[in-house]
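In this note's numbering, the protein residues as written are 16 to 420.
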Ligand code: FAD
């Protein structure tokens, strides 16, 4: 059986081998029903008809982004789909033709470029993700990848910052960034990647003031890129964070800050795009995101829209999103609310899900794990569960995935 048209036209398939439902070679790039502008797509994802007031940053940057994206889209999509209205037309190009990328025992596509032979990508756009008064700087960056550079959700990209390291007198080493878009990319043409990057700032402990000479090299570079600029990339790498092959598994995602990146890609894949993977997903998804202030919440308009649409479509898979806003919310003890407090408060649900085979992913700063492990041990002990044994069991069952940095 071949899928004639993805998206609304795809029959609902509860579970099973999604790879038997299409023939990428003959189907090609088609099937997407989308009619939003590129900006709306970036803010809300495909099929979101919200009139949001999402801030795309400076107007000139947005215009540049649009111009460059449009010129690229015209040249990179097949003549049969590119026509007068390039951006909306581009949204029609998807979403079966990259489904084969994880159809191998490794469940990830091959590495396209090694870090010592990076390839050139091009910046299409960048937008600040957090409020102007939120602490720090986090940017969403969209890059046009070299041709045939493909990845799957949960993988990372290496970026090699330009210039020479003053410490080693050699070119800078590559830095890894979790990919925040699905394999089809935010432009849905299967040829872009989006990153969610926090600018690493250094504060002098004696003065409390920022010291730009010690600021992060690569994150500083990425958070300042302009549309049209070249970025050297390698990869894709990593298979720790890929989605389970069984579409009936519940997914639990625990993120702090930019750790949201792989989960944005998961959620777009499972709740937004018109793919057979989305049609087949019958598990529940539960995201817990920790940030310092409400102005630091990442991708909230997109997630709100996903929740709204999921409710309307009456799918069997539920989507739950909990936020732990440490400086504004308090936990049961009256202290600051962190992701581990959300887990503790929902311990019953968490353990019930894990015991029924749910897969849990943790992503964000290294410092998040000790607090989480301690909280889970406390909860487990109260339930007479031997936590070290239980944790080993989850790990050996491939239910436990951690990517922290
Ligand atoms: P560097 O230049 O490498 O500096 C590192 C740190 O040292 C900075 O905080 C800097 O301020 C500090 N420093 C510099 N000089 C001094 C000095 N003299 N004394 C004291 N401190 C100093 N990051 C993201 O933002 N988003 C992601 O999605 C993401 N995903 C990742 C996925 C993986 C698998 C891994 C391993 C890492 C990921 N990272 C991510 C982290 C990223 O790879 C970089 O480590 C991060 O951006 C910092 O790199 P940098 O080049 O900016 O900082």
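Using N, Cα and C, we set each Cβ at its ideal position, and we do this for glycine too.
All values derive from a computational prediction rather than experimental measurement.
query                                                                                                                                                                                                    : result
Please check if any C-beta of chain B sits within less than 7 angstroms of the C-beta of residue 232.                                                                                                    : The structure shown contains no chain B, having only a single protein chain.
So the candidates are 229, 164 and 250; which of them puts its Cα closest to the Cα of residue 175?                                                                                                      : 250
So, using beta-carbon positions, are residue 357 and residue 275 closer together than 7 angstroms?                                                                                                       : no
Is residue 209 close to the ligand FAD? I mean its beta-carbon at under 6 angstroms from any heavy atom of the ligand.                                                                                   : no
Could you give the uninterrupted runs of the alpha helix (DSSP H) lying entirely in the region 385-411, keeping only those of 4 residues or more?                                                        : 402-411
Tell me the start and end of each unbroken alpha helix (DSSP H) in the region 249-336 that is at least 4 residues and wholly inside, in chain order.                                                     : 276-286, 291-295 and 315-328
Does DSSP put residue 154 in a helix, a strand or coil?                                                                                                                                                  : strand
Identify, in the order they occur along the chain, each residue of the same chain with its Cβ nearer than 6 angstroms to the Cβ of residue 259, setting aside the five sequence neighbours on each side. : 374
Less than 6 angstroms between the CB of residue 353 and some heavy atom of the ligand FAD, yes or no?                                                                                                    : no
Let's test the definition: count the other Cβ atoms within 10 Å of the Cβ of residue 413 and tell me whether it reaches 16, buried, or not, exposed.                                                     : exposed
Excluding the 5 residues flanking residue 257 on each side, which residues of the same chain have their C-beta closer than 8 angstroms to its C-beta?                                                    : 117, 122, 123, 167, 168, 169 and 170
Specify, as a first and last residue, the run of the beta strand (DSSP E) that residue 377 falls within.                                                                                                 : 374-379
Under 6 angstroms: does the beta carbon of residue 231 sit that close to some heavy atom of the ligand FAD?                                                                                              : yes
Can the beta-carbon of residue 244 be found less than 7 angstroms from the beta-carbon of residue 138?                                                                                                   : yes
So, is residue 199 buried or exposed, given that buried needs 16 or more other C-beta atoms within 10 angstroms?                                                                                         : buried
So, for residue 416: in the same chain, excluding its five sequence neighbours on each side, which residues have a beta-carbon less than 8 angstroms away from its beta-carbon?                          : 255, 256, 374, 375, 376 and 377
Out of curiosity, what's the CA-to-CA distance linking residue 406 and residue 179?                                                                                                                      : 43 angstroms
Consult DSSP for residue 185 and reduce its assignment to one of helix, strand or coil.                                                                                                                  : coil
Just to confirm, is the Cβ distance from residue 218 to residue 227 under 7 angstroms?                                                                                                                   : no
What separation, rounded to the nearest whole angstrom, lies between the Cα atoms of residue 380 and residue 238?                                                                                        : 18 angstroms
DSSP on residue 215, reduced to helix/strand/coil?                                                                                                                                                       : coil
Between 112, 157 and 188, which lies nearest to residue 132 when the distance is taken from Cα to Cα?                                                                                                    : 188
Within 10 angstroms of the Cβ of residue 129, are there 16 or more other Cβ atoms? Answer buried if so, exposed if not.                                                                                  : exposed
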